[in-house]
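Below is one structure, written out as structure tokens; the observations come after it.
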Amino acid sequence: MHKRLRIAIVGYGTGGQATAILLSRDGHDVEVFEQAATLGPVGAGFLLQPVGQMVLWELGLLDAVLQYGAPVSRLYGETAAGRPVMDMRYTELDRRLFGLGVQRGALFSLLDAAWTEHRTLHCGVRVTHVDHEAGAVVDQHGRRYEGFDLVVVADGAASSLRAQVAPARLDRPYPWGAQWCLAVISQ
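Residues 0 to 186 (numbering that gives the first Met the number 0) are what the sequence shown spells out, left to right.
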């Protein structure tokens with residue numbers, strides 16, 4: 000038996016939702032802080048990569064999500080001048096792999112409905128500061144929420160908190176709208 004932790008998650012997008020479900024199912028007390036006053040998806044859709052599909056399988060939601068998605072076998076992109084900048088065929092990695100084009104609303108609703116255990120959700124609360132040493136978060140009004148064993152920052156590609164918890168990082172936006180980040184977490 001493991002120790003039951005009290006965990007704060009900042010952000011209730013796809014990553015925050017999946018993290019809340021997994022940690023709650025593992026028996027932890029989870030509190031999510033979402034800046035939006037009303038819950039709902041942000042954005043139209045996205046391409047769910049195989050690793051994301053594996054997480055949904057672990058959650059028991061992959062079959063349901065597949066009903067709302069369209070398989071994508073190849074990604075190809077080129078510059079305005081016609082020079083290829085990306086040509087990825089999933090089957091070259093493994094014949095069973097594919098991307099899945101998914102509407103955000105469908106995935107959001109499935110994940111939201113799946114989080115039923117140990118659920119505490121604070122809507123309209125924008126976390127502006129993370130005090131990881133004290134296990135606390137502070138909102139836009141200066142209110143401090145304390146007593147967390149772990150704080151997970153999942154506030155999206157435009158995160159304002161990432162630099163507070165992982166100062167050694169490299170954020171690189173791509174011109175076609177994607178974002179990736181490498182972070183070094185020191186103990």
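Yeah, the Cβ is synthetic: ideal placement off N, Cα and C, and Gly gets one too.
Between which two residues does the beta strand (DSSP E) harbouring residue i extend?
i: Arg5; result: 5-9
i: Gly44; result: 44-47
Is it true that the CB of residue j sits closer than 9 Å to the CB of residue i?
i: Ala7; j: Glu33; result: no
i: Ala135; j: Arg143; result: yes
i: Val151; j: Gln139; result: no
i: Ala35; j: Trp114; result: no
i: Gly98; j: Pro40; result: no
i: Ala156; j: Gln102; result: no
i: Leu160; j: His121; result: no
i: Glu116; j: Arg24; result: yes
i: Leu46; j: Leu55; result: no
i: Leu58; j: Leu21; result: yes
i: Pro49; j: Leu96; result: yes
i: Thr78; j: Gly51; result: no
According to DSSP, is residue i part of a helix, a strand, or is it coil?
i: Gln178; result: Confidence at Gln178 is low in this model, with a pLDDT of 46, below 50, so its placement is unreliable and the value that follows should be read with caution. Gln178: strand per DSSP, three-state reduction.
i: Phe107; result: helix
i: Val151; result: strand
i: His124; result: According to the sequence displayed, residue 124 carries Val and not His. Val124: coil per DSSP, three-state reduction.
i: Arg142; result: coil
i: Glu30; result: strand
i: Gly59; result: coil
i: Ala189; result: Outside the displayed range of the chain (0 to 186) lies residue 189, so it cannot be described from this structure.
i: Val50; result: helix
Determine the extent of the alpha helix (DSSP H) in which residue i is found, giving its start and end residues.
i: Ala157; result: Here Ala157 belongs to no alpha helix (DSSP H), and DSSP marks it neither H nor E.
i: Gly15; result: 13-24
Under 7 Å Cβ to Cβ from residue i, same chain only, skipping five residues before and after it: list those, please.
i: Arg5; result: Asp28, Gly146, Phe147, Asp148
i: Met85; result: Leu74, Tyr75, Gly76
i: Gly100; result: Gly44, Leu46, Gly68, Ala69, Val71
Just to confirm my understanding: we take residue i, look at its own chain, exclude 5 residues before and 5 after, and list those with CB closer than 6 Å. What are they?
i: Gln16; result: Leu110
i: Gln163; result: Val129
i: Met87; result: Leu74
Who are the Cβ neighbours of residue i in its own chain at under 8 Å, not counting the five residues just before and after it?
i: Thr119; result: Asp28, Val29, Glu30, Val31
| request: Entirely within the segment 66-98 and at least 4 residues each: give me those alpha helix (DSSP H) ranges in chain order. | output: Taking only runs of at least 4 residues, the alpha helix (DSSP H) segments lying wholly in the segment 66-98 are 89-92.
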